[in-house]
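Taken in order, the sequence shown gives residues 107 to 273; the numbers are from our numbering.
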Amino acid sequence: MYWLNCTNLSSSYQVAVNLVNTIRDPDEQISTTGYPQQRVFDILYDELDAVGGTVLLVFDEIDQIGSDDEILYEIPRARANGYLESAKPGVIGISNDFGFRDDLSPKVKDTLCGEEIHFSPYNGPELEAILRERAERALFNDAAEEGVISLCAALAAQDTGQCETGA
107 MYWLNCTNLS
117 SSYQVAVNLV
127 NTIRDPDEQI
137 STTGYPQQRV
147 FDILYDELDA
157 VGGTVLLVFD
167 EIDQIGSDDE
177 ILYEIPRARA
187 NGYLESAKPG
197 VIGISNDFGF
207 RDDLSPKVKD
217 TLCGEEIHFS
227 PYNGPELEAI
237 LRERAERALF
247 NDAAEEGVIS
257 LCAALAAQDT
267 GQCETGA
């Protein structure tokens with residue numbers, strides 16, 4: 107499984123380059139510019155085949171890709187189109203924008219076997235438990251006064267109910 111945060115990636119090209127670089131070792135990265143898009147896809151297919159088997163690709167904040175959703179068409183069809191031999195890619199998209207799928211091109215909608223799973227926002231006690239666990243690992247003892255974590259959790263629950271990590 108490979109996870110990619112798409113927050114600052116506004117094109118299929120950028121997603122493909124970053125995915126290649128996520129799969130590859132740090133000393134084998136490709137440049138973010140200078141390649142034709144199909145060449146980057148070919149490199150991606152080579153990398154996926156090198157991994158082999160079922161390969162899950164998780165695109166967090168997938169709605170940030172925008173209208174250039176070609177990669178969401180290419181990856182699921184890559185094996186059927188003869189670009190992959192041993193890899194069987196699966197795509198998981200994560201988005202807070204429930205209308206995101208409405209903006210996908212018709213060919214992408216037809217390609218993806220989309221199933222939406224909605225998660226309820228966290229409530230105050232759930233957020234507090236998450237924040238306490240993170241604070242125990244990240245902060246020095248007594249770095250925050252008693253009640254600060256509870257207050258942060260309550261404010262987050264009132265706002266969005268999310269507990270983002272800020273990748």
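We treat Cβ as the ideally placed atom computed from N, Cα and C, and that holds for glycine.
Model, not experiment: these values are computed from the prediction.
Span of the alpha helix (DSSP H) holding residue i?
{"i": "L233", "result": "230-244"}
{"i": "F204", "result": "F204 -> no alpha helix (DSSP H), and no H or E assigned at all."}
{"i": "N124", "result": "118-129"}
{"i": "E180", "result": "176-183"}
{"i": "T217", "result": "212-217"}
{"i": "S256", "result": "254-265"}
For residue i, which residues from the same chain have a beta carbon less than 7 Å from its beta carbon, with the 5 sequence-adjacent residues on both sides left out?
{"i": "S211", "result": "D175"}
{"i": "Y119", "result": "Q143, V146"}
{"i": "A273", "result": "With a pLDDT of only 39 at A273, under 50, the local geometry of the prediction cannot be trusted, and no value is derived from it."}
{"i": "I255", "result": "E234, L237, R238, A241"}
{"i": "Q135", "result": "N127"}
{"i": "W109", "result": "V164, D166"}
{"i": "R130", "result": "E153"}
Pull up the CB-CB distance for residue i and residue j, whole angstroms please, since I reckon it's below 8 Å.
{"i": "S116", "j": "Q170", "result": "7 Å"}
{"i": "P195", "j": "A186", "result": "Wrong, their Cβ atoms sit about 11 Å apart, outside the cutoff."}
{"i": "K213", "j": "Y179", "result": "5 Å"}
Between residue i and the rest of its own chain, which residues show a CB-CB distance below 8 Å, the 5 nearest in sequence each way excluded?
{"i": "S226", "result": "G267"}
{"i": "R207", "result": "K215, G220, E222"}
{"i": "A231", "result": "For the sequence presented, residue 231 should be read as Pro rather than Ala. Answer for P231: A259, listed in chain order."}
I want to check one thing, is the minimum distance from the CB of residue i to the heavy atoms of the ligand ADP below 7 Å?
{"i": "N202", "result": "Among the ligands in the structure shown, none appear at all, so the ligand ADP cannot be discussed."}
If we count the other Cβ atoms within 10 Å of its Cβ and call it buried at 16 or more, is residue i buried or exposed?
{"i": "F165", "result": "buried"}
{"i": "G199", "result": "buried"}
{"i": "T113", "result": "exposed"}
{"i": "E167", "result": "buried"}
{"i": "L237", "result": "buried"}
{"i": "A259", "result": "buried"}
{"i": "A244", "result": "exposed"}
{"i": "E251", "result": "exposed"}
{"i": "L257", "result": "exposed"}
{"i": "D209", "result": "exposed"}
With a Cβ-Cβ cutoff of 8 Å, do residue i and residue j count as a contact?
{"i": "E153", "j": "V126", "result": "yes"}
{"i": "T139", "j": "P182", "result": "no"}
{"i": "N229", "j": "A262", "result": "no"}
{"i": "L150", "j": "A122", "result": "yes"}
So, for residue i: in the same chain, excluding its five sequence neighbours on each side, which residues have a beta-carbon less than 6 Å away from its beta-carbon?
{"i": "S192", "result": "D155, G158"}
{"i": "V161", "result": "L154, A193, P195"}
{"i": "M107", "result": "L162"}
How would you write the range of the beta strand (DSSP E) that residue i sits in, first residue to last?
{"i": "T160", "result": "159-166"}
{"i": "L110", "result": "108-111"}
Counting only beta-carbon separations shorter than 8 Å, does residue i have a partner in chain B?
{"i": "Y108", "result": "The structure shown contains no chain B, having only a single protein chain."}
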